[in-house]
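If you read the sequences in order, they're chains A and B.
Residue numbering for the first sequence follows full-length UniProt numbering, starting at 1 and increasing by one per position.
Residue numbering for the second sequence follows full-length UniProt numbering, starting at 1 and increasing by one per position.
The C-beta atom is built at its ideal place from N, Cα and C for all residues, glycine as well.
Here the structure is a predicted model, which is why all the values come from computation and not from measurement.
Please read the structure below before turning to the comments.
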Amino acid sequence: MSDSLQRTPLYDLHLSLGGRMVPFAGYEMPVQYRAGVMAEHQHTRTAAGLFDVSHMGQAHLHARSGRVEDAALALERLVPADILSLKTGRQRYTQLTDGNGGILDDLMVSRLGDTLVLVVNAACKEADLAHIAAALHDECIVEALPDRALIAIQGPQAGAVMARLAPASADMRFMDVAEFAVAGVPCLASRSGYTGEDGFELGMAADGAVRVAEALLAEPEVAPAGLGARDSLRLEAGLCLYGSDIDRGTTPVEGALEWSIQKSRRTGGARAGGFPGADIILGQIEGGVSRRRVGIAVEGRAPVRGGARLFADEAGTQPVGHVTSGAFGPTFGAPVGMGYVETAFAATGTPLFAELRGRYLPAAVAALPFVAPGFKR
Amino acid sequence: MTVYYTKEHEWLRVEGDVAVVGITAHAAEELGELVFVEAKDEGTEVAQGDSAAVVESVKAASDIYAPVSGTVVGFNAALSDDPSLVNRDPEAEGWILKLRIADAGQLAGLLDADAYAALIA
């Protein structure tokens, strides 16, 4: 079974750094290195962590007409975000939706010259690209980029590190994209990530990945961080994990992601609707939803994990929702979680009780994120 | 004072009719830094192999199984505020719970230090 797992171009580097490899989305990935999840998390929050995210799917979307506006308009048939107004050198977060308003995947879309660049989740990448290619075949060409690696450098000192290695990076602000070389390797950089910190994601040809990673790791601020730290960092940052916090059974509005649906795509907007499930999703923006994704803070130190049920009462007789992700938050210093609750119980501060090993622990709806973001606006 | 080990990576130190139970250095290393530890309430009777305590790392919860049948008679209260004590000193200060041994005959079925060392080698 393990021989069916794929490896990223940084596999040997992970081993040399003491990475503990685990199967994840069809890849052998480092869950942690020698320092451990807690230390890697804290290092990313205070200095800079380096993450291999090469398992994620990268693709280019070209219009057959050659006009990037045509590719943008075509992609708007599949996602609720405004892609047409995305300026060159900018990135935006959105979702692929289905006819019921459910989420097939969440993704980042960048515009660079005459191309849209997509970054999708590893576990969904084949399905996503097939879906996009089938739906947009008449206007667009989807070019999967399986031979590209992706490296994230995240943390308050990521900007200083990158400015040293690639001076052009210093001019970038949150959600900018630009092309420049790092250690002589041409990279496509976005100033974004999945930790709530300032930082960059660097895409490059697979054969240049080790050179970039080693150049970054040679900087004194940078230490490698694995999937374990990536998960606790994103959870503290209030960011969704596809497959846990959002999926085909949740809409972007239930998932509290309507901030990613710009006015132009909403009812009354210039290009309102026109994406799968638009009637349901736009109806929910207008009329509300019966449940919402919220932050969950639990009293005490025991982390409440995904799947735990949430109740309105201490006796556990009135179920109002469930936890979708939960862990101990090393920076927050207490358990952090998120989940879905009935809308009447979704206001910040609403007391709840979380089921854990047959008991009902006092909890409350918490504002997201748990840790203030460090983005360079 | 005899120390026994289990295939589930617990250790057990016999003090009279009480067993002090913890996890091995190997287990602590594998789990990573612990963020929470709790044992069954004092007075709870557990059969050999039942869950007697839970340790949580950042990523996951793991059960600690009773190495022998008995009654929970103590929990290391220091772990409530400082669960990572288990990582720093797993086989001494980082002990987890005490069990009053119900059937000392079960001790003979546990591993000794050499057998445990061979298991994790």
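Open item on the list: Are the CB atoms of A/A47 and A/E221 within a distance shorter than 8 Å?
Closed with: yes
Task: Element boundaries [beta strand (DSSP E), containing A/F153] - done: Looking at the sequence shown, residue 153 of chain A is not Phe but Ile. Unbroken beta strand (DSSP E) run through A/I153: 148-154.
Open item on the list: If contacts are defined as beta-carbon pairs under 8 Å, then A/V31 and A/G228 qualify, I think. What distance do you get, rounded to the angstrom?
Closed with: 5 Å
- [ ] Over the uninterrupted beta strand (DSSP E) stretch that includes B/Y4, give me the two end residues.
- [x] 3-5
Task: Any chain B beta carbon closer than 8 Å to A/M21 - done: no
Open item on the list: Can you check whether the C-beta of A/M1 is within less than 8 Å of a C-beta belonging to chain B?
Closed with: A caution first: A/M1 carries a pLDDT of 45, below 50, which makes its placement in the model too unreliable to give a value.
TODO: Could you tell me if A/L86 is buried or exposed, where buried requires 16 or more neighbouring beta carbons within 10 angstroms of its beta carbon?
DONE: buried
Open item on the list: For A/L319 and A/F353, what's the separation of their Cα atoms in angstroms?
Closed with: With the sequence shown as reference, residue 319 of chain A is identified as Pro, and Leu is not the correct amino acid for it. Taking the straight line joining both Cα atoms gives about 9 Å.
TODO: Let me know the secondary structure DSSP gives A/A170 once reduced to three states.
DONE: helix
TODO: Take A/M56 and list the residues in its own chain whose beta-carbon comes closer than 6 Å to its own, dropping the five residues that flank it on each side.
DONE: V119, A122, L150
Open item on the list: Check for me: the beta strand (DSSP E) holding A/M204 runs from which residue to which?
Closed with: 199-205
TODO: Look up B/T24 in the DSSP assignment and say whether it is helix, strand or coil.
DONE: coil
Task: Cross-chain neighbours of B/E56 in chain D, by beta carbon under 8 Å - done: In the displayed structure, chain D is absent; the protein chains listed are A and B.
Open item on the list: Please list the terminal residues of the continuous alpha helix (DSSP H) segment that includes A/A122.
Closed with: Counting along the chain, A/A122 falls outside any alpha helix (DSSP H), and DSSP gives it neither H nor E.
Open item on the list: Just to confirm before moving on: does the CB-CB distance between A/K263 and A/G269 stay below 8 Å?
Closed with: yes
Task: Under 8 Å (Cβ pairs) to chain A, residues found in the stretch 30-42 of chain B - done: G32, E33, V35, F36, E38
- [ ] For the beta strand (DSSP E) containing A/Q318, list its first residue and its last residue.
- [x] Unbroken run through A/Q318: none, as it is neither H nor E.
Open item on the list: Helix, strand or coil, according to DSSP, for A/I83 in the structure here?
Closed with: coil
Task: Cβ-based neighbour list, A/D247, same chain, cut-off 8 Å, excluding 5 preceding and 5 following - done: G102, I103
Open item on the list: Rounding to the nearest angstrom, what Cα-Cα distance links A/E219 and A/A160 in this structure?
Closed with: 10 Å
TODO: Give the interface partners of A/G89 over in chain B, defined as CB-CB distance under 9 Å, in chain order.
DONE: By Cβ distance, chain B contributes nothing, its closest Cβ being about 36 Å from A/G89, past 9 Å.
- [ ] Mind listing, in chain order, the continuous alpha helix (DSSP H) runs of no fewer than 4 residues lying wholly within the stretch 59-88 of chain B?
- [x] 78-81, 85-88
Task: Close-in-space but distant-in-sequence residues of the same chain around A/D147 (CB under 7 Å, 5 per side omitted) - done: A205, A206
Task: the stretch 268-288 of chain A: positions lying closer than 9 Å to chain B by Cβ - done: none
Open item on the list: I want to verify the contact list: residues of chain B whose CB lies under 7 Å from the CB of A/G36, in sequence order.
Closed with: G32, E33
TODO: Taking only the alpha-carbon atoms, compute the straight-line gap between A/A210 and A/P9 and give it to the nearest angstrom.
DONE: One point to set straight first is that residue 210 of chain A is Val, not Ala, in the sequence displayed. When rounded, the distance between both Cα atoms is 7 Å.
Task: Residue from A/R266, A/L310, A/I153, A/M175 with nearest C-alpha to A/R90 - done: A/M175
Open item on the list: Here's a check: name, in chain order, each residue in its chain whose Cβ is nearer than 7 Å to the Cβ of B/L34, leaving out the five neighbours to either side.
Closed with: V55, E56, S57, P83, S84, V86, N87
Open item on the list: With DSSP as the reference, identify every bridge partner of B/S57, one or two as the case may be.
Closed with: B/L34
Open item on the list: Suppose the cutoff is 7 Å on Cβ atoms and the five residues either side in sequence are ignored; what does the same chain contact list for A/P373 look like?
Closed with: G196, A237
Task: Boundaries (first-last residue) of the alpha helix (DSSP H) holding A/H14 - done: 11-16
Task: Buried/exposed call for B/E42, threshold 16 Cβ in 10 Å - done: exposed
- [ ] To the nearest angstrom, report how far apart A/H62 and A/L112 are at their CA atoms.
- [x] 11 Å
Task: C-beta atoms of A/V341 and A/R301 nearer than 8 Å - done: no
Task: Three-state secondary structure assigned by DSSP to A/G159 - done: helix
Task: chain B residues whose Cβ lies nearer than 9 Å to that of A/R359 - done: In chain order: nothing, as chain B lies at least about 10 Å away.
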